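Peer 1: Take 88 as the starting number for the sequence shown in the working numbering and just add one per residue. Glycine residues also receive a C-beta, built at the ideal position from the N, C-alpha and C atoms. Treat the numbers as computed from the prediction; the structure is a model and nothing was measured.
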Amino acid sequence: MTAMGGCSQPLINFVGASLDRHDADSIMTRRGYGLLRHFAARGEPVNGYHNGLAPVHEAVLYADVGYLRALLELGEDPSLPIESPGKDYHGFNAFEFAAFLESRNSEFYQTIRAELEAQ
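Okay, here's the thing in structure tokens:
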């Protein structure tokens, strides 16, 4: 199923994209993580792609450790490749994407790379 019935964005991706817009302890963030668990429990694909990125790639891009942890707990596969032909990061898995982003902004992305490596 997709978001809003007509949008092509999978529900897991849709919820994940909203998580970094609120404080970590806000009611909206807690509800967002609840929705992630709900959608995964009812069979929504945690490895679904939107615009060439799986949710794990989005979590890396947003440098959102909480979102990344939640996805990995739900069974997200960090070895999935990015499907963005023509982009420098096409074919990268989450580990490679984190290293690529960290090379461009080490302070912002080192925590996310470390979290991936701890898995």
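So, His144 versus Ala181, is the Cβ gap smaller than 9 Å?
Peer 2: Position 57 of the sequence shown holds residue 144. Position 94 of the sequence shown holds residue 181. Their beta carbons are under 9 Å apart, which means His144 touches Ala181 by this criterion.
Peer 1: Helix or strand or just coil, what does DSSP make of Leu167?
Peer 2: As a working note, residue 167 is residue 80 in the sequence shown. In this structure, Leu167 counts as coil in the three-state DSSP scheme.
Peer 1: Tell me the DSSP secondary structure of Leu158 in three-state form.
Peer 2: Within the sequence shown, numbered from 1, the residue matching residue 158 stands at position 71. Looking at Leu158 - three-state DSSP - the assignment turns out to be helix.
Peer 1: With burial defined as no fewer than 16 other Cβ atoms inside 10 Å of the residue's Cβ, what is the status of Arg200: buried or exposed?
Peer 2: On the sequence shown, position 113 is the one that residue 200 refers to. Arg200 comes out buried.
Peer 1: How many angstroms separate the CA atom of Gly178 from the CA atom of Ile114?
Peer 2: Residue mapping note: residue 178 aligns to position 91 of the sequence shown, counting from 1. Residue mapping note: residue 114 aligns to position 27 of the sequence shown, counting from 1. The alpha-carbon atoms of Gly178 and Ile114 are separated by roughly 36 Å.
Peer 1: If you check the beta carbons only, do Leu123 and Gly103 fall under 9 Å apart?
Peer 2: For the purposes of this step, residue 123 is taken as residue 36 along the sequence shown, with counting starting at 1. For the purposes of this step, residue 103 is taken as residue 16 along the sequence shown, with counting starting at 1. The answer is yes: Cβ separation under 9 Å.
Peer 1: Confirm, please, whether the CB-CB distance from Val147 to Leu106 is below 9 Å.
Peer 2: Working through the sequence shown from its first residue, we reach residue 106 at position 19. Working through the sequence shown from its first residue, we reach residue 147 at position 60. Contact: no.
Peer 1: Taking DSSP as the reference, what is the three-state secondary structure of His137?
Peer 2: For the purposes of this step, residue 137 is identified with residue 50 of the sequence shown, where counting begins at 1. If DSSP states are grouped into helix, strand and coil, His137 belongs with the strands.
Peer 1: Check for me: the alpha helix (DSSP H) holding Ala201 runs from which residue to which?
Peer 2: Mapped onto the sequence shown, residue 201 falls at position 114. It spans Ser193 to Ala205 - the alpha helix (DSSP H) in which Ala201 sits, taken as one unbroken run.
Peer 1: In three-state DSSP terms, what is Pro142?
Peer 2: The residue given as residue 142 occupies position 55 in the sequence shown. Three-state DSSP puts Pro142 in a helix.
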